[in-house]
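Sequences listed follow chains A and B, in order.
With my numbering, letter number 27 in the first sequence gets 27, and the count goes up by one each step, no holes.
Residues are numbered in my numbering as their position in the second sequence, beginning at 1, plus a constant of 1000.
Where a beta carbon is used, it is the ideal one built from N, C-alpha and C, also for glycine.
Remember, it's a predicted structure, so these values are computed and weren't measured experimentally.
Right, one structure below, let's go through it.
Protein chains: 2
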Amino acid sequence: MLRQVGENEGKDFSAKGRFIQAIAHPTRIRILELLKDGELCVCDIFEELNVEQANTSQHLAILKKQDILQSRKEGLRVIYSIKYPEIIDILKTADNLLLQQAKDTMSTFNTD
Amino acid sequence: MLRQVGENEGKDFSAKGRFIQAIAHPTRIRILELLKDGELCVCDIFEELNVEQANTSQHLAILKKQDILQSRKEGLRVIYSIKYPEIIDILKTADNLLLQQAKDTMSTFNTD
DNA sequence: CTGGTATATAATTATATTAGAATGCTTAGA
DNA sequence: TCTAAGCATTCTAATATAATTATATACCAG
C-alpha cells in the first residue's frame, strides 16, 4: 500500500508492459508461432497445441485484446491471424539472442 | 491436475517463454531502458525508478539470471549493464508496433 | 575490530494469472 | 424450431509473481 506514483512514472503497467506481458506465456508464444505461417481456426489451434479449447480461447482473447491477433468468422469457425507481423520479428530476435547466449555459454564453459 | 505433457510439448516454460517472461514487467522494462544508454549502479537505478532498493535488486536478479544483464563490482557498488544489446531491438520493435497500432486505431476511429 | 554504506536475500503478505469445468452464444442444417 | 458444432465467457481453485519489511553480506574507512 501507499504506492508512490511519481510524475515520471506511467500509472502502473505501461503499454509496452502490457504488450510484452501479453506474449509472455508459452502457450501464447506457441500460438503466435503457429500463426506465423498463416491463419488458422480455433479448432486447429487447440488441437495442435494439445490444450483445452476453452483455455485456447482465453489465450486468443488476450492476444486479440492487445490487438496482436485479428479474427474473422467463417461459418461456425473463427479464423485467427497475426495482425502485426512485427511480432514475429520480436520472437525471432529472442531466438537469436537465446542462440547467442547458448553459444557464449558453450565457449566459456560457464556452468553457472 | 492430471496435466498431460505430450511429447510435442516442452516441459513447462520454454526458454523463450522464460526469456520473455523476464522482460515482461514494467519495472524491468524501465531498467533496460535506463541501461540502454550505459551502465549504472544499483543506487542510481532504484533512485531513478523510484522503487525500493530491495525490489530493484530482485528485478535486477531476474534479468541477470536470464543472462540479459551483467554486473561487476566497483568498491561498494555493483554496476549493471546490458549483456546482449539485441534486447533493446526487441523493445524498439515493440515500440514501433505500438505506435503503428495507435496510428491504425486513430485512422479508423475505432473507439473499441 | 567497529561502524557505516551499498547491495542481496529471505520471509511474509498481497495480488495476478492460470487451467479447468460449466455454461452461454451463434450459426448451420435438418 | 430443434439440435449439434464451434467458440467464448464466467467462475473458482490452484499457482505464480510481486512488493514490503527485515535481515544478511560485502566492502571500506578509521
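Using DSSP with H/G/I as helix, E/B as strand and the rest coil, what is residue i?
i, result
"leucine 1076(B)", "coil"
"isoleucine 1062(B)", "helix"
"isoleucine 1082(B)", "strand"
"serine 57(A)", "helix"
"glutamate 1052(B)", "coil"
"alanine 24(A)", "coil"
Among residues of its own chain, excluding the 5 on either side of residue i, which ones have a beta-carbon nearer than 8 Å to its beta-carbon?
i, result
"arginine 1028(B)", "Ala1022, His1059, Ile1062, Leu1063"
"asparagine 55(A)", "Thr27, Phe46"
"isoleucine 93(A)", "The amino acid at residue 93(A) is misidentified as isoleucine; the sequence shows threonine. Excluding positions up to five away in sequence, the list is empty."
"aspartate 95(A)", "none"
"aspartate 1089(B)", "none"
"isoleucine 1087(B)", "Ile1023, Leu1032, Ile1068"
"aspartate 37(A)", "none"
Count the other C-beta atoms from every protein chain shown that fall within 10 angstroms of the C-beta of residue i, then say buried if there are 16 or more, exposed otherwise.
i, result
"lysine 16(A)", "buried"
"tyrosine 98(A)", "Strictly speaking, residue 98(A) in this sequence is leucine, with tyrosine absent from that position. Burial call: buried."
"glutamine 53(A)", "exposed"
"alanine 76(A)", "Per the sequence shown, residue 76(A) should be read as leucine rather than alanine. Label assigned to leucine 76(A): exposed."
"alanine 1024(B)", "buried"
Can you check DSSP and say which residues form a bridge with residue i?
i, result
"glutamine 70(A)", "Ser81(A)"
"leucine 1040(B)", "Tyr1080(B)"
Excluding the 5 residues flanking residue i on each side, which residues of the same chain have their C-beta closer than 7 Å to its C-beta?
i, result
"tyrosine 84(A)", "Ile68"
"valine 1051(B)", "Thr1027"
"arginine 1072(B)", "Ile1079"
"cysteine 43(A)", "Arg77"
"cysteine 1041(B)", "Arg1077, Val1078, Ile1079"
"serine 57(A)", "Val42"
"leucine 19(A)", "Residue identity check: residue 19(A) is phenylalanine in the sequence provided, not leucine. Excluding sequence neighbours, phenylalanine 19(A) sits near Gln66."
"leucine 1034(B)", "Leu1040, Ile1045, Glu1048"
"arginine 1030(B)", "Leu1049"
Check whether the Cβ of residue i lies closer than 7 Å to any heavy atom of the ligand GDP, and answer yes or no.
i, result
"glutamine 1101(B)", "As presented, the structure is devoid of all ligands, the ligand GDP included, so that no description of it is given."
Please go through the same chain and pick out, in chain order, the residues whose beta-carbon is closer than 6 Å to the beta-carbon of residue i, but skip the five residues on each side of it.
i, result
"glutamate 1039(B)", "Ile1079, Ser1081"
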